[in-house]
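Colleague: Below are the structure tokens for one structure; questions will follow.
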Amino acid sequence: MKILGISAYYHDSSAALIVDDKVICAVQEERFSRKKHDNSFPVEACRYCLSVAGIELTDLDAVVFYEKPFLKFERILVSQITSFPKSLPMFLRVMPLWLKEKLNMRGNITKQLENAFGQKAPMVSFVEHHLSHAALAYCSSGYDEADILVVDAVGEWATTSIIKAEGNKIEIIAEQRFPDSIGFLYSSATQFLGFSVNSDEYKVMGLAPYGEPNTETKHFIKMIKDELVKIDALGTIQLNLAYFSFQYGDKMIRRKKWESLFGFKQREPYSDLTQKHKNLAFAFQFVTEYIIVRLAKGFNTSNNLCLCGGVALNCSANGKLLKSGTYRNIYVPFAPGDCGCSLGAALAYNILHSGKRITNISPYLGPKFTSSEIERTIMDTGLSYEVAKSDEELCEYSARLLIKGNIIGWFQGRMELGPRALGNRSILADARNPRMKDLVNSRIKFREGFRPFAPSVLEEYASTIFSCVGKSPYMMFTYDVLSDNIPAVTHVDSSARIQTVSCKDNPLYYQLLKSFHSLTGCPVVLNTSFNVMGEPIVCSPKDAINTFLHSGLDYLVIGKFIIKK
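Sequential numbering from 17 applies to the sequence shown in the numbering used here.
Written out as structure tokens, the structure reads:
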């Protein structure tokens, strides 16, 4: 079976390819288009997938889309009708697009593929959105059985799904439906705090620890629970729709009602952040964690939980759930949001049609480049460079650069799928240096100073530096920091979103950390994604060199080549 999975038209479009029960590749369209969160049809991602496998469009057995358009259209139509006449402007704008293109999604996808490849496309199939999320989580988890909790804004109708998986079977047990959505609740707070919806939710999470557990914050929590959302003992929620407008308009919230409820104006983008903003972020983060823990406790039928959907990117909530002890093991995949749904859809289709579950799935599924390709790109720019003779020399040289206070771009191997840089497209710095957080935020990333950075730590030392009792390879959980020696990656609440690194998962990156440890006695480095604010993570050598030249990076280590600014 050769299965091409596709996600598109909402945000973070991507494509993935399975051939004969093996995941060949998966990549986001933004990595090629250089448009962050690109939602267009993933033509270049599809092209990449087929080229890696050396196959034609006509060789495919199936093309699978990550949601069921008719169910989604039903939800949109019903919500527009029930919200009439408020919904009229959106109805007049949205319905022509659905009737012309999206309702016939099979024909639309077929046309896009045939125009791109000049060949006849196979029949397009559809998989429910939350099943796409669940399949990626379960297949990559390594569990033989698990509870699966999918939490996001909305799929077709479902906003939260409770799913049971065992062997090669995945079954949806129950679901919460639109408009009652944890994801929409958090995105509404994102908008009120002056950030971009479907993009900046992680900024609210990063801002929350700056809130103070004082009378104002407690009042905000009470207002959220009393006025915005009812939460029952099992974590089921009901939004007070009088405060929201996402069901019929372009904005998430009714601004004046929120301003009246919380007693201050909606923050304008890029304006100053006051203590009120920080306290409100704290309150929404607190309520979200409260809901997630209740959901998990009400569902628990296993020792193992797979958590996925866009809300699963909230690593602080994941950390609180882990700390609650509700489950012995909790797994969040490397791409729990929509960018992972192309791979999830292909995996789900494979289970449904062949009865086989693919496992041992790596996050390193994107493009890689040969030494000759990298060298040719460097020479085209006219930059001078040094060449390491071995991996050992490369890693020791890079470690010494970090120790001297340099910030380096680290570009190696296959690109990661998902929003986290996991050691192949990373910016690295010395976590022991207290100046590095501000330096990387201001000189390199050009982003808000309150945002924290993640530590990469040698897996075997993780429990000595963090309150971590197992693996955390994808930066999906926060843990308490037990050491005062790594201030650059310790958040204001003494937590960190850690990445444990093993030799098995990423041998070269592991070797770099080993070299740094042997020279300093510290098994931790600061790791953030190789990009500047507003741009996708770099994909190609050309992208890496461009970012290197237009940021405050001191060195670029790309393949075996070392370039100094």
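The beta-carbon is built from N, C-alpha and C at its ideal position, and this holds for glycine as well. Since the structure is predicted, the reported quantities are computational estimates derived from the model, not experimental observations.
Can you say whether residue 76 is buried or exposed, counting buried as having 16 or more other CB atoms within 10 angstroms of its CB?
Modeller: For the purposes of this step, residue 76 is identified with residue 60 of the sequence shown, where counting begins at 1. That one is buried.
Colleague: Over the uninterrupted alpha helix (DSSP H) stretch that includes residue 360, give me the two end residues.
Modeller: Start at 1 with the first residue of the sequence shown, and residue 360 comes out as number 344. First-last of the alpha helix (DSSP H) with residue 360: 357-370.
Colleague: Assign residue 286 to one of two classes, buried (16 or more other C-beta atoms within 10 Å of its C-beta) or exposed (fewer than that).
Modeller: In the sequence shown, residue 286 corresponds to position 270, counting from 1. Residue 286 is exposed by the Cβ-count criterion.
Colleague: Taking the alpha-carbon positions, what's the residue 330 to residue 300 distance?
Modeller: The count along the sequence shown starts at 1 and reaches residue 330 at position 314. The count along the sequence shown starts at 1 and reaches residue 300 at position 284. Roughly 12 Å separates the two Cα atoms.
Colleague: Under the DSSP definition of a beta bridge, which residues are partnered with residue 166?
Modeller: What you label residue 166 is simply residue 150 of the sequence shown in a count that begins at 1. Answer is 177 and 324.
Colleague: At which residue ranges does the stretch 22-108 contain complete alpha helix (DSSP H) runs of 4 or more residues, listed in the order of the chain?
Modeller: Here the runs fully enclosed are 46-49, 59-69 and 85-98.
Colleague: Check whether the Cβ atoms of residue 214 and residue 27 sit closer than 8 Å, and answer yes or no.
Modeller: The residue labelled residue 214 in the question sits at position 198 within the sequence shown. The residue labelled residue 27 in the question sits at position 11 within the sequence shown. A contact, by the Cβ cut-off of 8 Å.
Colleague: With distances taken between CB atoms, is the gap from residue 22 to residue 58 smaller than 8 Å?
Modeller: The residue you call residue 22 lines up with position 6 of the sequence shown. The residue you call residue 58 lines up with position 42 of the sequence shown. Yes, the pair counts as a contact, with Cβ atoms nearer than the cut-off.
Colleague: When the Cα atoms are used, what is the spatial distance from residue 78 to residue 362?
Modeller: Stepping through the sequence shown from its first residue, residue 78 is reached at position 62. Stepping through the sequence shown from its first residue, residue 362 is reached at position 346. Between residue 78 and residue 362, the C-alpha separation is close to 9 Å.
Colleague: Within 10 angstroms of its Cβ, does residue 497 collect 16 or more other Cβ (buried), or is it exposed?
Modeller: Translated into the one-based positions of the sequence shown, residue 497 becomes position 481. Classification for residue 497: buried.
Colleague: Is the distance from the Cβ of residue 507 to the Cβ of residue 225 below 8 Å?
Modeller: For the purposes of this step, residue 507 is identified with residue 491 of the sequence shown, where counting begins at 1. For the purposes of this step, residue 225 is identified with residue 209 of the sequence shown, where counting begins at 1. Yes.
Colleague: Determine the extent of the alpha helix (DSSP H) in which residue 233 is found, giving its start and end residues.
Modeller: On the sequence shown, residue 233 is found 217 positions in, with the first residue counted as 1. Per DSSP, residue 233 belongs to the alpha helix (DSSP H) from 231-239.
Colleague: What is the DSSP secondary structure of residue 193, reduced to helix, strand or coil?
Modeller: The residue given as residue 193 occupies position 177 in the sequence shown. Reduced to three states, the DSSP call for residue 193 is strand.
Colleague: Do residue 355 and residue 44 have their C-beta atoms within less than 8 Å of each other?
Modeller: Working through the sequence shown from its first residue, we reach residue 355 at position 339. Working through the sequence shown from its first residue, we reach residue 44 at position 28. Result yes, Cβ atoms of residue 355 and residue 44 sit closer than 8 Å.
Colleague: Along the chain, where does the beta strand (DSSP E) that runs through residue 425 open and close?
Modeller: Residue numbering aside, residue 425 sits at position 409 when the sequence shown is read from its first letter. Run containing residue 425: 424-427, per the beta strand (DSSP E) assignment.
Colleague: Taking the DSSP output, what are the residues bridged to residue 186?
Modeller: Position 170 of the sequence shown, counted from the start, is the residue given in the question as residue 186. DSSP lists 181 as partners of residue 186.
Colleague: Excluding five sequence neighbours on each side, which residues of the same chain lie with their C-beta closer than 7 Å to the C-beta of residue 574?
Modeller: Within the sequence shown, the letter at position 558 stands for residue 574. These residues qualify, in order along the chain: 390, 427, 557 and 560.
Colleague: Can the beta-carbon of residue 130 be found closer than 8 Å to that of residue 210?
Modeller: Along the sequence shown, read from residue 1 onward, the residue named residue 130 stands at position 114. Along the sequence shown, read from residue 1 onward, the residue named residue 210 stands at position 194. It is not a contact, given that the beta carbons lie outside the stated cut-off.
Colleague: Go ahead and label residue 207 buried or exposed: buried means 16 or more other beta carbons lie within 10 angstroms of its beta carbon, across all protein chains shown.
Modeller: Within the sequence shown, residue 207 is the residue found at index 191, counting from 1. Looking at its Cβ environment, which holds 16 or more other Cβ atoms inside 10 Å, residue 207 is buried.
Colleague: Given a threshold of 16 other Cβ atoms within 10 Å of its Cβ, counted over all protein chains shown, does residue 192 qualify as buried or as exposed?
Modeller: Sequence index remark: in the sequence shown, residue 192 carries index 176 (1-based). With 16 or more Cβ atoms within 10 Å of its Cβ, residue 192 is classed as buried.
Colleague: Quick one, which of 525, 74, 160 and 203 has its alpha-carbon nearest residue 184's?
Modeller: Here residue 184 is taken as the residue at index 168 of the sequence shown, counted from 1. With distances taken between Cα atoms, residue 184 lies closest to 160.
Colleague: Can you look up residue 259 in the DSSP assignment and give me helix, strand or coil?
Modeller: Position 243 of the sequence shown, counted from the first residue, corresponds to residue 259. Residue 259 falls in the helix class under three-state DSSP.
Colleague: Roughly how many whole angstroms lie between the Cα atoms of residue 539 and residue 452?
Modeller: As a position in the sequence shown, residue 539 is number 523, starting the count at 1. As a position in the sequence shown, residue 452 is number 436, starting the count at 1. C-alpha separation (whole angstroms): 17 Å.
Colleague: Consult DSSP for residue 342 and reduce its assignment to one of helix, strand or coil.
Modeller: As a working mapping, residue 342 is identified with position 326 in the sequence shown. In the structure shown, residue 342 sits in coil (DSSP, three-state: anything other than H, G, I, E or B).
Colleague: Anyone know if the C-beta pair for residue 276 and residue 268 falls short of 8 Å?
Modeller: Here the question's residue 276 lines up with position 260 in the sequence shown. Here the question's residue 268 lines up with position 252 in the sequence shown. Contact: no.
Colleague: Check whether the Cβ atoms of residue 544 and residue 456 sit closer than 8 Å, and answer yes or no.
Modeller: Mapped onto the sequence shown, residue 544 falls at position 528. Mapped onto the sequence shown, residue 456 falls at position 440. Yes.
Colleague: With a CB to CB cut of under 7 Å and the five nearest residues on each side skipped, what residues in its chain are close to residue 518?
Modeller: Counting from one through the sequence shown, the residue named residue 518 turns up at place 502. 475 and 526.
Colleague: Could you tell me the distance, in whole angstroms, from the CA atom of residue 153 to the CA atom of residue 322?
Modeller: Against the sequence shown, residue 153 aligns to sequence position 137. Against the sequence shown, residue 322 aligns to sequence position 306. Rounded to whole angstroms, residue 153 to residue 322 spans 6 Å at the Cα level.
Colleague: Out of curiosity, what's the CA-to-CA distance linking residue 405 and residue 380?
Modeller: Locating residue 405 in the sequence shown gives position 389, counting from the first residue. Locating residue 380 in the sequence shown gives position 364, counting from the first residue. Distance between the alpha carbons of residue 405 and residue 380: 25 Å.
Colleague: Going by the CB atoms, is the gap between residue 357 and residue 148 shorter than 8 Å?
Modeller: Walking along the sequence shown from the start, residue 148 turns up at place 132. Walking along the sequence shown from the start, residue 357 turns up at place 341. Closer than 8 Å, so yes.
Colleague: From residue 486 to residue 69, what distance separates their C-alpha atoms?
Modeller: Residue mapping note: residue 486 aligns to position 470 of the sequence shown, counting from 1. Residue mapping note: residue 69 aligns to position 53 of the sequence shown, counting from 1. Their backbone Cα atoms lie some 35 Å apart in a straight line.
Colleague: Helix, strand or coil: how does DSSP classify residue 442 here?
Modeller: One-based indexing of the sequence shown puts residue 442 at position 426. Of the three classes helix, strand and coil, the one that applies to residue 442 here is strand, per DSSP.
Colleague: Per DSSP, what kind of secondary structure is residue 350 in: helix, strand or coil?
Modeller: As a first step, residue 350 must be located in the sequence shown, where it is residue number 334. Residue state, collapsed to three classes: coil.
Colleague: Going by other Cβ atoms of all chains shown within 10 Å of its Cβ, with 16 needed for buried, is residue 450 buried or exposed?
Modeller: To locate residue 450, count along the sequence shown from 1; it is residue 434. Residue 450 is exposed by the Cβ-count criterion.
Colleague: Between residue 354 and chain B, is there a C-beta pair that is closer than 8 Å?
Modeller: Of the protein chains in this structure there is only one, and it is not chain B.
Colleague: Per DSSP, what kind of secondary structure is residue 496 in: helix, strand or coil?
Modeller: By 1-based counting over the sequence shown, the position of residue 496 is 480. Residue state, collapsed to three classes: strand.
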